[in-house]
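Undergrad: In the working numbering, the protein residues as written are 2 to 344.
One structure follows; several queries about it will come next.
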Amino acid sequence: MSQAIIPQYGIKRKSSSAPNSSFLGEKGVLGSVRWWIAGVLASLFVCIVFGLQTIPVVAMHKPPLAPAPTPTPFYPQEHLWLSSPVADDAPGARPDRFYAYASTGQGRYQVHHGVEFVNPLGTPVLAVGDGTVVTAGWDDEFVWGRALDYYGQLVVIQLAQSDAQMPVYVLYGHLSDVYVTVGQRVQHGEPVGAVGSTGVALGPHLHFEVRLGRNTFSHTTNPELWLVPQPGHGTIVGRILDARGQTVNMALVTFTPVERPGRYWREAWTYPGRLQATTRSDPAWQENVVMGDVPVGEYIVAVRIEGRLYARRVLVGDGQLVEITIQPPPALERPPGMERIPR
Ligand SMILES: [Zn+2]
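If you want it as structure tokens, here you go:
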């Protein structure tokens with residue numbers, strides 16, 4: 002009986018003692034073939050009626066899928082694409098050092114989400130790359146910065162080039178005049194407005210931001226990691242970490258040319274932590290301090306970490322972005338509960 006119910010597989014009854022007539026009513030090889038044909042027809046019927054349901058079965062017989070591609074490793078990429086947003090011969094053609102990105106101007110101001118190009122009123126500001134204008138005009142109806150009326154007249158361009166598949170935006174704030182409208186395509190070097198002091202500004206200057214991923218105040222990165230260094234100069238990008246690998250926040254970092262030791266030449270402050278500010282490290286560099294416009298040469302970078310002074314040498318080449326990490330060696334820690342036995 003058990004043999005009789007699987008005739009579609011062509012299995013012949015193996016025992017003559019089996020009933021001549023099963024509940025299927027057939028017997029012998031001929032019966033098996035008939036039932037095999039009936040089985041195929043029934044399968045076809047099922048396939049036609051429940052066509053969709055058969056797809057997974059068909060798929061089972063496909064050759065196995067190729068293994069999933071390995072994710073592309075994420076390496077730091079130099080994205081020094083941007084030219085200066087003011088002409089090279091303008092008085093403030095390079096970012097102001099005093100109020101650098103993520104600094105507070107030695108405690109005088111709020112944490113900076115961009116850099117300043119200090120120039121006279123009316124100095125043209127230029128598109129730093131090809132792109133499309135996404136914001137143009139006064140910020141009196143929509144908050145583009147900390148609050149309304151913060152950037153005064155501003156322009157935001159979404160650059161044609163993206164970075165690590167993220168859109169890149171550049172923001173020009175405090176403008177006295179705006180020469181472009183939303184939706185307009187602009188080309189590298191094209192004037193988009195003029196330096197002013199609209200919004201929260203103490204005097205005429207250009208506030209310049211780079212926003213990565215989204216056009217919001219909390220998506221800025223350090224513009225000095227994007228601006229092409231001027232000829233004969235480079236940029237130092239640093240990670241200042243404690244022995245446990247945590248970022249050291251708001252620490253003074255000094256830069257001294259090796260050939261002129263004794264007195265430091267420039268200083269910068271490490272970024273505030275993420276709990277203190279919405280400024281960010283660049284995803285490509287994970288930095289917490291940057292020194293731009295460094296003349297080619299060798300420098301000693303020094304910083305005090307947990308009370309001790311640490312220093313490293315760094316060689317800056319023409320047009321280069323050089324990275325440096327300063328981190329004390331891990332301290333020998335006593336296992337918890339273990340006490341030193343007094344002698
Ligand atoms: Zn600013």
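All residues carry an ideal CB built from backbone N, CA and C; glycine is no exception.
May I ask whether a heavy atom of ligand 1 can be found less than 7 Å away from the beta carbon of E117?
TA: Taking the first residue of the sequence shown as 1, we reach residue 117 at position 116. Under cutoff, so the answer is yes.
Undergrad: Could you tell me the alpha carbon to alpha carbon distance between P330 and I241, rounded to whole angstroms?
TA: The count along the sequence shown starts at 1 and reaches residue 330 at position 329. The count along the sequence shown starts at 1 and reaches residue 241 at position 240. Computed Cα separation, rounded: 13 Å.
Undergrad: So, for T257: in the same chain, excluding its five sequence neighbours on each side, which residues have a beta-carbon less than 6 Å away from its beta-carbon?
TA: Numbered from its first residue, the sequence shown carries residue 257 at position 256. Once the five neighbours on either side are set aside, the close Cβ partners of T257 are Y265, W266 and I301.
Undergrad: Counting along the chain, where does the beta strand (DSSP E) carrying Y311 start and finish?
TA: To locate residue 311, count along the sequence shown from 1; it is residue 310. First-last of the beta strand (DSSP E) with Y311: R309 to V317.
Undergrad: Is any heavy atom of ligand 1 found at a distance shorter than 7 Å from the C-beta of H208?
TA: Indexing the sequence shown from 1 puts residue 208 at position 207. The answer is yes for H208.
Undergrad: Could you check if H80 belongs to the surroundings of ligand 1, using beta carbon to heavy atom distance under 7 Å?
TA: Here the question's residue 80 lines up with position 79 in the sequence shown. No, Cβ of H80 sits at least 7 Å from all heavy atoms of ligand 1.
Undergrad: Is the Cβ of V290 closer than 8 Å to any Cβ of chain D?
TA: Chain labels in this structure do not include chain D; a single protein chain is all it has.
Undergrad: State the DSSP-derived secondary structure class of E299, mapped to helix, strand or coil.
TA: Locating residue 299 in the sequence shown gives position 298, counting from the first residue. Three-state result, E299: strand.
Undergrad: Where do the N-terminal and C-terminal ends of the beta strand (DSSP E) with I143 fall, by residue?
TA: What you label residue 143 is simply residue 142 of the sequence shown in a count that begins at 1. Note that residue 143 is Phe in the sequence shown, not Ile. Taken as a continuous stretch (DSSP letters only), F143 belongs to no beta strand (DSSP E), as it is neither H nor E.
Undergrad: Measuring only the C-alpha atoms, how far is N216 from G204?
TA: Here residue 216 corresponds to residue number 215 of the sequence shown, with the count starting at 1. Here residue 204 corresponds to residue number 203 of the sequence shown, with the count starting at 1. Rounded to the nearest angstrom, the two C-alpha atoms are 25 Å apart.
Undergrad: Suppose you measure from the CA of P57 to the CA of W227; what does that come to, to the nearest Å?
TA: Translated into the one-based positions of the sequence shown, residue 57 becomes position 56. Translated into the one-based positions of the sequence shown, residue 227 becomes position 226. At P57 the pLDDT is 32, less than 50, meaning the model places this residue with poor confidence; the figure from the coordinates comes in the next sentence. Near 50 Å, if we compare the C-alpha coordinates of W227 and P57.
Undergrad: Ligand 1 heavy atoms versus the CB of H113: any closer than 7 Å?
TA: One-based indexing of the sequence shown puts residue 113 at position 112. For ligand 1, at least one heavy atom lies less than 7 Å from the Cβ of H113.
Undergrad: Thinking C-beta only, is D178 closer than 8 Å to G235?
TA: Counting from one through the sequence shown, the residue named residue 235 turns up at place 234. Counting from one through the sequence shown, the residue named residue 178 turns up at place 177. Going by C-beta atoms, G235 is not nearer than 8 Å to D178.
Undergrad: In three-state terms, what does DSSP make of P125?
TA: Taking the sequence shown and counting its residues from 1, the one referred to as residue 125 is at position 124. Strand.
Undergrad: Helix, strand or coil: how does DSSP classify M251 here?
TA: Stepping through the sequence shown from its first residue, residue 251 is reached at position 250. Coil.
Undergrad: Over what stretch of residues does the beta strand (DSSP E) that includes F118 continue unbroken?
TA: Taking the first residue of the sequence shown as 1, we reach residue 118 at position 117. Per DSSP, F118 belongs to the beta strand (DSSP E) from V116 to F118.
Undergrad: Are S219 and T182 close, meaning C-beta to C-beta below 8 Å?
TA: For this step, residue 219 is matched to residue 218 along the sequence shown. For this step, residue 182 is matched to residue 181 along the sequence shown. Not in contact: S219 and T182 (Cβ atoms no closer than 8 Å).
Undergrad: Give the range of the beta strand (DSSP E) segment to which G194 is assigned.
TA: Taking the first residue of the sequence shown as 1, we reach residue 194 at position 193. Run containing G194: P192 to A195, per the beta strand (DSSP E) assignment.
Undergrad: Just the Cα atoms here: how many angstroms apart are V157 and D131?
TA: By 1-based counting over the sequence shown, the position of residue 157 is 156. By 1-based counting over the sequence shown, the position of residue 131 is 130. Straight-line Cα distance between these residues: approximately 12 Å.
Undergrad: Considering only their Cβ atoms, is the gap separating V119 from H206 smaller than 8 Å?
TA: Counting from 1 along the sequence shown, the entry for residue 206 is found at position 205. Counting from 1 along the sequence shown, the entry for residue 119 is found at position 118. Result yes, Cβ atoms of H206 and V119 sit closer than 8 Å.
Undergrad: Pair every Cβ in the stretch 190-198 with every Cβ in the stretch 170-177, then say whether three or more of these pairs are closer than 8 Å.
TA: Touching, yes, given that three or more Cβ pairs across the two stretches are closer than 8 Å.
Undergrad: Quick check on this structure: which residue in G123, G146, A161 and P230 has the alpha carbon closest to the alpha carbon of V297?
TA: Indexing the sequence shown from 1 puts residue 297 at position 296. Residue P230 is the option with its Cα nearest to V297.
Undergrad: Look at the Cβ atom of G184, then the Cβ atom of T133, and state whether they are nearer than 8 Å.
TA: In the sequence shown, counting from the first residue as 1, residue 184 sits at position 183. In the sequence shown, counting from the first residue as 1, residue 133 sits at position 132. Taking 8 Å as the Cβ cut-off, G184 and T133 qualify as a contacting pair.
Undergrad: Using beta-carbon positions only, say whether E210 and P192 come within less than 8 Å of one another.
TA: Walking along the sequence shown from the start, residue 210 turns up at place 209. Walking along the sequence shown from the start, residue 192 turns up at place 191. In this structure, P192 does not lie closer than 8 Å to E210 by Cβ.
Undergrad: Quick one: what does DSSP say P224 is sitting in, helix, strand or coil?
TA: Residue numbering aside, residue 224 sits at position 223 when the sequence shown is read from its first letter. Helix, per DSSP.
Undergrad: Can you find the residues in the same chain that come closer than 6 Å, C-beta to C-beta, to L160, ignoring five residues on each side of it along the sequence?
TA: Mapped onto the sequence shown, residue 160 falls at position 159. These residues qualify, in order along the chain: G130, G132 and V169.
Undergrad: Looking at C-alpha atoms only, which residue of D164, A285, Q107 and A128 is the closest neighbour of G190?
TA: The sequence position of residue 190 within the sequence shown is 189, counting from 1. With distances taken between Cα atoms, G190 lies closest to A128.
Undergrad: For my contact list, V295 and V317 are in at a C-beta cut-off of 8 Å; report their separation, rounded to the angstrom.
TA: Position 294 of the sequence shown, counted from the first residue, corresponds to residue 295. Position 316 of the sequence shown, counted from the first residue, corresponds to residue 317. V295 to V317, Cβ: 5 Å. Contact.
Undergrad: Counting only the same chain and skipping the five closest in sequence on each side, list residues whose C-beta sits under 7 Å from that of R313.
TA: To locate residue 313, count along the sequence shown from 1; it is residue 312. Cβ neighbours of R313 beyond the five flanking positions: V302, I325 and I327.
Undergrad: Going by the C-beta, is P224 closer than 7 Å to any heavy atom of ligand 2?
TA: No copy of ligand 2 appears in this structure; the ligands present are ligand 1.
Undergrad: Taking the alpha carbon of A202 as the point to measure from, which residue in Y110, G93, E307 and A332 has its own alpha carbon closest?
TA: For the purposes of this step, residue 202 is taken as residue 201 along the sequence shown, with counting starting at 1. Considering only alpha carbons, the answer is Y110.
Undergrad: Can you check DSSP and say which residues form a bridge with D164?
TA: Here residue 164 refers to the residue found at position 163 of the sequence shown. Note: D164 sits in a beta bridge opposite M167.
Undergrad: Pull up the DSSP beta-bridge partners for R186, would you.
TA: If you number the sequence shown from 1, residue 186 lands on position 185. DSSP, once it has assigned bridges, lists T133 as partnering R186.
Undergrad: Return the bridge partner residues of F256 from the DSSP annotation.
TA: In the sequence shown, residue 256 corresponds to position 255, counting from 1. Per DSSP, R267 and V302.
Undergrad: Who does R212 pair with in a DSSP beta bridge?
TA: Your numbering for residue 212 matches position 211 in the sequence shown. Answer is Y170 and T221, bridged to R212.
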